[in-house]
Structure formats: C-alpha cells, structure tokens
Amino acid sequence: MVTTRTGNTVDWVRVRDDFPILASLGSREQRLAFLDSAASSQKPERVIAAVDRYYRETNANIHRGVYDLSERATAQYEAARHMVADFINAASPREIVFVRNTTEAINLVAQTWGRRHISAGDLILVTTMDHHSNLVPWQLLAEEKDARLEAVRITDEGVLDLEHLDELLAQGPRLVAFPHVSNSLGTINPAAEIIRKAHDAGAIVVVDGAQSVPHMPVDVQALDADFLAFSGHKMLGPMGSGVLYGKLSLLEGMPPFMGGGGMIRKVSLTRSTWADVPARFEAGTPSVGDAIGLGVAVEYLQGIGMDTVREHERELTAQALDRLREVPGIRLLGPEDLDDRAGVLSFTLGDIHPHDVAAILNEENVAVRAGHHCCQPLMDRLGVVATTRASFYVYNVDEDVDRLVSGLHRAQAIFAS
Ligand code: PMP
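The sequence shown begins at 376 in the working numbering and counts up by one.
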C-alpha cells in the first residue's frame, strides 16, 4: 500500500496485477518490466474483457440498425463518447470525434480547419520538441497553401523558450500547435499560458495531448484548448482508438475530412450535404469495439484518479532520476524540476548506442525504446542521433526502477570491458 501526496492509498502491485501481460512470466525467467508506455500502454483485464464481450454479445454495425443488437452497440458506442467527454471535461459529447490515433486527429484538423482557414503567407507555429505527428501535417498544409511554418525554440534544459514564443506570436500566427507533454523529454509545457497568449495573438490552438491525457488531469475548458488530440491506445485503451476534441463552434464550421457513409445528410449523384458533428467526421464504419474499450479504460483511470496517476509517476520519476544520475556516463535529457516533467526519461549512456542499451535491458526483460522517438528535429537540436527512453505508467512499481538502474550499470560494465 502506498499513500500518495494527494492522500489516496493505492496498492500499485495490485494495479499491476490487473494487467495480464505483466502478471504472467510468459516464456521469460523474470517478469516483464514494461517501460515503454509512451509508445503504447498495456491493457487491463477489464478493457480486454469489454472488447471480448462486445464481439461475443453486442457486435453489429451502429446507427440506423433497427434491431436490438445494433441499438445496443450504438448505445455503448455513444456511452463511450460521453465517458471520454467527461474525462477531459468537454462541454458536450458532440465535441468528441473518435479517430484511430493522435496522428489522425491532427491530420483531421489540418485537412479541414487548416485547408479552409490557412492562406498564402499565413504563419503556423509549431515547436522544436514536437512529434512528427504534430509537424508533418502542418508541413503538408503549409506547402499546399504557401503558408509559413516556424518552430518555437527550446532551451538547453529542454523547455520551450517562451520569449521566442512571444516574438513569434507578435507576428500574428493563424494557428499554434504544440505538445502538452514532450514524448522525448518528458517536459510538461505550460499549456494554459501558451493557449492564453496564442488566443490573445488571434491564433487557434491545437494541443497534442498524446502524452498528457493518459497521465494527468486534463480539463479542456480550463485550458481553453481549441483542439486536443490524443490516443486511446496510450491510455490503457485498445489499439486503433483515438480522440479529437474540438470546440463545438469550430467543429461545426469545418468541412468533412473523409467522405462516405455515416457522415452525410443527403446525397445526390453530384453533390452531398453533411451530417451534424461529430458524425460528419466519422466516415465509414467506426472501430466500435475499440471505442467501447476506450470508455472502459477511462473508467479504470478515473477509478484510480488522474491526480493519483500523476503522483505515482512523479514518485517513480523522482526515484529513477536520483538513481540514474549515479550511472557513469549517463546524460539525462529534459528538465530537472519534477513539476515540469512527466514520467518520461530520455538519456544517452556514454558512446554506447541506444539500441545496444535497449538490447541489454531486453536480455533482462526490461522493455524500453531506443531511437529518435519520431522527433528528428529535436534530436538535431540536442546534438544526438537517438536516445534510450524509459516511460512509466500506473502498472510500474519500484522494482521496475531497480531493474532499469541495474540493467544500465550492467550495460556500462559490458561496454567498459
Ligand atoms: N504525439 C506525441 C507527443 C506522441 O508521443 C505520439 C506517439 N508516440 C504521437 C503524437 C502519435 O501518436 P499515434 O502514433 O498514436 O498517432
């Protein structure tokens, strides 16, 4: 039992045991220490069972089915939308669009709001620490529209240079896109402040919430975010589940992303009119079972409490940072202050290639990621080709930190000899 600073008592080992993949040894001698949740999370039994139950008991295409099964599937799918809306405190479930992942959510905004509102010479702001998913869609749009794209710089510590942001905002950008939390550095950006400043400058704001929504309380109304993109598969939900939140007034003014069934009001051979939001953006048969599974994942996280999730990861990060500093040759990236960083630890270990570090950890069944983490411009800025990255979630426990640290000492010893 561990009591967090928020006063909640949680048995984190029991939480871990809710995840079948972590509770069994599989073919290995040691339990899996899964430290790659920033890429995709594991799924608790409850989510797996919900998806299984959907296919066994409720599977049918949704909307317009006049038989029981279809009505039940529709009701569960729409209930999941309500749960997600509640989770991020959206003003209405109509502001929740189900997509496959963060990437699709951001492309949706770029190809609909962006194509309609961005013109030649307009300025789009991104940041040096953005994931490729929050860079490339804006590059494509800027190229198509002959718009300008500028990136807010970061400091050597890996935090956004807010003075540079102010300078760029003074040029009156039409759109500002930034990550709430960096997937490579763990930096928590001051989202409310950035959004307020961007709004004062007349911009629309797209927040990449892929690394924040799963790990801390996120309230879209308090933030005043125009758009928020996140991935269900990174927050205990099924693969193929993701969300675009958009303010209703903005979504209602946007043309469709993809055309087809489900997103129309009236179709003639030569033209069509569009369904109301959010159906307008959900063309074709959606991933019904995955959305339902995401709703259950949200309930599971709410059962723990997002303040408590954040606190747990903060404690693991504090422990890990303290102990990693003792590993010879380590260079830890990202901010020092625990208030400014989430449970993502990126580092290099002397001149040992990050893939070798990850391979040695894998021998001990410790799963971390190595590479550029889809942040090549950030890697260039940091002067590294790749890093090793360990990331925490609800199912990680102190023992995982121990195994990460001892594995790194071992990697260091192997390469030193
Ligand atoms: N943005 C950030 C900050 C991410 O960490 C990721 C996933 N690594 C993405 C976007 C893309 O997410 P997805 O692959 O689910 O589209």
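Where is the CB? At the ideal position from N, CA and C, for every residue including glycine.
Going by other Cβ atoms of all chains shown within 10 Å of its Cβ, with 16 needed for buried, is residue 630 buried or exposed?
Around the beta carbon of residue 630, a 10 Å sphere encloses fewer than 16 other beta carbons of the protein chains shown; the residue is thus reported as exposed.
Can you list, in chain order, every residue whose CB sits closer than 5 Å to a heavy atom of ligand 1?
Any residue whose Cβ sits closer than 5 Å to a heavy atom of ligand 1 makes the list: 476, 477, 478, 506, 508, 554, 558, 583, 585, 586, 606.
On the DSSP bridge assignment, give the partners of residue 644 in chain order.
For residue 644, which the question treats as bridged, DSSP gives no partner whatsoever.
Buried or exposed: residue 657, going by 16 or more other Cβ atoms within 10 Å of its Cβ?
Under this definition residue 657 is a buried residue.
What residue range does the beta strand (DSSP E) around residue 793 cover?
No information on residue 793 is available, as it lies outside the stretch 376 to 792 that the chain covers here.
I'd like to check one pair, residue 494 with residue 768: are the Cβ atoms closer than 7 Å?
no
How many whole angstroms separate the CB atoms of residue 740 and residue 466, which I take to be in contact at a CB cut-off of 8 Å?
So it is not a contact: roughly 45 Å between Cβ atoms.
Terminal residues of the continuous alpha helix (DSSP H) containing residue 679?
663-679
Could you check if residue 425 is buried or exposed, using at least 16 other CB atoms within 10 Å of its CB as the buried criterion?
buried
Could you check whether residue 786 and residue 743 sit closer than 7 Å to each other, using their CB atoms as the reference points?
Residue 743 places its beta carbon 7 Å or farther from that of residue 786.
Nearest to residue 676 by alpha carbon, out of 609, 665, 702, 618?
Selected option, being the one with the closest Cα: 609.
Would the beta-carbon of residue 540 fall within 7 Å of that of residue 556?
Cβ atoms of residue 540 and residue 556: not closer than 7 Å.
Could you spell out where the beta strand (DSSP E) holding residue 617 opens and where it closes?
617-621
Whether or not the segment 710-720 and the segment 552-572 are in contact is what I'm after, with contact meaning three or more pairs of Cβ atoms, one per stretch, closer than 8 Å; do they touch?
yes
Do residue 565 and ligand 2 come close, with the Cβ less than 6 Å from some heavy atom?
You won't find ligand 2 in this model; what it holds is ligand 1.
Within 7 Å, strictly: CB atoms of residue 550 and residue 582
no
What would DSSP say about residue 445, mapped onto helix, strand or coil?
helix
Is the beta carbon of residue 359 less than 7 Å from the beta carbon of residue 790?
Residue 359 is absent from the model: the chain starts at 376 and stops at 792.
With a 10 Å radius around its C-beta and 16 neighbouring C-beta atoms as the bar for buried, classify residue 400 as buried or exposed.
exposed
Simplified DSSP state of residue 411, which is helix, strand or coil
strand
How would you label residue 792, buried or exposed, when you count the other beta carbons within 10 angstroms and need 16 or more for buried?
exposed
Give a yes or no on contact between the segment 472-481 and the segment 567-575, applying the rule of three or more CB pairs nearer than 8 Å.
no
Considering only the alpha carbon of each residue, which of 730, 774, 404 lies closest to residue 698?
774
Just to confirm, is the Cβ distance from residue 504 to residue 463 under 7 Å?
no
Cβ pair residue 480, residue 617 closer than 7 Å:
For residue 480 and residue 617, yes; Cβs fall inside 7 Å.
Report the three-state DSSP secondary structure of residue 716 (helix, strand or coil).
For residue 716, the secondary structure class from DSSP, reduced to helix, strand or coil, is strand.
Which complete alpha helix (DSSP H) runs does the segment 716-766 hold, if anything under 4 residues is left out?
729-738, 751-757
Boundaries (first-last residue) of the beta strand (DSSP E) holding residue 794:
In the structure as shown, the chain starts at 376 and stops at 792, and residue 794 therefore has no counterpart that could be examined.
Can you tell me the Cβ-Cβ gap for residue 524 and residue 517, rounded? I've got them flagged as a contact below 8 Å.
4 Å
In or out: residue 441 buried (at least 16 other Cβ within 10 Å) or exposed?
exposed
Smallest Cα separation from residue 776: which of 622, 719, 723?
719
Taking its Cβ as the centre, do 16 or more other Cβ atoms sit within 10 Å of residue 391, making it buried, or is it exposed?
buried
Reducing DSSP to helix, strand and coil, say where residue 554 ends up.
strand
Paired residues, beta bridge with residue 488 - DSSP:
Its beta-bridge partners do not exist; DSSP assigns none.
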